[in-house]
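Residues 21 to 288 (my numbering) are what the sequence shown spells out, left to right. Positions of the beta carbon are idealized from the N, C-alpha and C atoms, including for glycine. Written below as structure tokens is the structure these notes are about.
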Amino acid sequence: MRGYLLVEEPGAWGAGTVPASRLGEDVTAALRANAAGRGVRLLLVRRPAARDLDPDGPRRVFLVDVRRGRSRVLARTAARADLPAAVADDGGWEPHGGPLLLVCTHGRKDWCCALRGRPVAAALADLDPEPVWECSHLGGDRFAATALSLPSGVTHGRLAPDDAPALVAALRSGRVLPHRWRGRSCDPGVVQAAEGHARLERGIDAVDALRPRAVVDEEHGRWRVDLEHEGRPLRVHLRVGSAPAHRLTCSATDDRHARTWELERIEG
Numbered sequence: 021m022r023g024y025l026l027v028e029e030p031g032a033w034g035a036g037t038v039p040a041s042r043l044g045e046d047v048t049a050a051l052r053a054n055a056a057g058r059g060v061r062l063l064l065v066r067r068p069a070a071r072d073l074d075p076d077g078p079r080r081v082f083l084v085d086v087r088r089g090r091s092r093v094l095a096r097t098a099a100r101a102d103l104p105a106a107v108a109d110d111g112g113w114e115p116h117g118g119p120l121l122l123v124c125t126h127g128r129k130d131w132c133c134a135l136r137g138r139p140v141a142a143a144l145a146d147l148d149p150e151p152v153w154e155c156s157h158l159g160g161d162r163f164a165a166t167a168l169s170l171p172s173g174v175t176h177g178r179l180a181p182d183d184a185p186a187l188v189a190a191l192r193s194g195r196v197l198p199h200r201w202r203g204r205s206c207d208p209g210v211v212q213a214a215e216g217h218a219r220l221e222r223g224i225d226a227v228d229a230l231r232p233r234a235v236v237d238e239e240h241g242r243w244r245v246d247l248e249h250e251g252r253p254l255r256v257h258l259r260v261g262s263a264p265a266h267r268l269t270c271s272a273t274d275d276r277h278a279r280t281w282e283l284e285r286i287e288g
């Protein structure tokens, strides 16, 4: 994934991945098309507990690149009716001066996200309100509460309000919480898993400390991911597994198996 298009909408959100909202179908369709053309993902965002924005008033919009070596956040403001033209204007963006921290609270998609996400968003905002936003569906509902740090693209999962001080400190210092790591959104799942295991095993918490160099399918459910850490190679060997069947999300109606990436060994 290259990045995200974030559009402020503090009203109610529907059940879709790109939910219905007070933005209206025409505006939402134009935003979705713009995001698709840029190769980024559209998310709605709102400040924690904010529900009183003028439906036709100005909204914050962010264009985020999460690719390694290109990460950045651009920002602008536009009224609801002007959003399609604003996001299509490549010349109207300005650099955003700090990071963003998005917490999925999209209860109409899966109510775990609201039940667990909103207390985390509130705890984070109490400590440092400027970077914190609630957001629509991030994915990985079974890991709620989930938070996306931008522009790094790092997702943390299974967060609780007690994690807020450590997560805010990590965001400010360019670090991550290895025990809550879910991965970087610019990477495929096997790389996310390999990096997570390497961070836990080696105590690596700097955001950009690891770089993927190669992914090898060794067949029969085994994979090798070559990482680089401070100029030295790390070779992570993984095996595809399956968790016992259970209800993966709060809204699930049947038991399912989730794929797991089990660590075999790390060389280097």
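Cβ-Cβ separation, residue j to residue i (assumed contact under 8 Å), whole Å
i    : j    : result
C124 : T97  : About 24 Å; that fails the 8 Å criterion.
D110 : G23  : D110 to G23, Cβ: 14 Å. No contact.
W153 : V65  : 4 Å
P151 : L121 : 5 Å
Within 8 Å, strictly: CB atoms of residue i and residue j
i    : j    : result
P115 : R79  : no
A70  : P119 : no
G137 : G160 : no
N54  : A108 : yes
P68  : A180 : no
L62  : L94  : no
V235 : R204 : no
Neighbourhood of residue i by C-beta distance below 6 Å, restricted to the same chain and skipping five residues each side
i    : result
E248 : R231, R233
S172 : V227
G288 : P253, L254, R255
P139 : P181
Proximal residues to residue i (C-beta, below 8 Å), its chain only, five neighbours per side dropped
i    : result
D225 : A190, R195, V196, L197, P198, R219
L103 : V27, L43, V47, A50, L51, R79, V81
I286 : H217, A218, E221, R222, L254, R255, V256, H257
Spatial distance of residue i from residue j (CA atoms)
i    : j    : result
G57  : A145 : 33 Å
V27  : S156 : 10 Å
C206 : R90  : 11 Å
P185 : P149 : 12 Å
V292 : G77  : Any question about residue 292 goes unanswered here, given that the chain covers just 21 to 288.
H126 : G112 : 30 Å
P75  : A101 : 10 Å
E221 : A214 : 11 Å
A105 : E284 : 51 Å
H240 : P208 : 19 Å
G34  : G59  : 23 Å
W131 : R192 : 30 Å
L170 : L158 : 13 Å
E250 : G36  : 42 Å
R259 : M21  : 24 Å
V300 : E45  : Since the displayed the chain opens at 21 and closes at 288, residue 300 lies outside it and no answer follows.
Proximal residues to residue i (C-beta, below 7 Å), its chain only, five neighbours per side dropped
i    : result
F163 : G177, R178, R202
R200 : H176, G177, R178, L179, D183
G261 : T280, E282
D237 : W243
L326 : Since the first residue of the chain shown is 21 and the last is 288, residue 326 is not available in this structure.
Cutoff 8 Å: residue i Cβ touching any chain C Cβ
i   : result
E45 : The structure shown contains no chain C; it is built from a single protein chain.
Query raised in the report: Unbroken beta strand (DSSP E) runs of length 3 or more, entirely within the region 120 to 205: which are they?
Result: Fully enclosed beta strand (DSSP E) runs of 3 or longer: 120 to 124, 152 to 155, 167 to 170, 174 to 176, 201 to 204.
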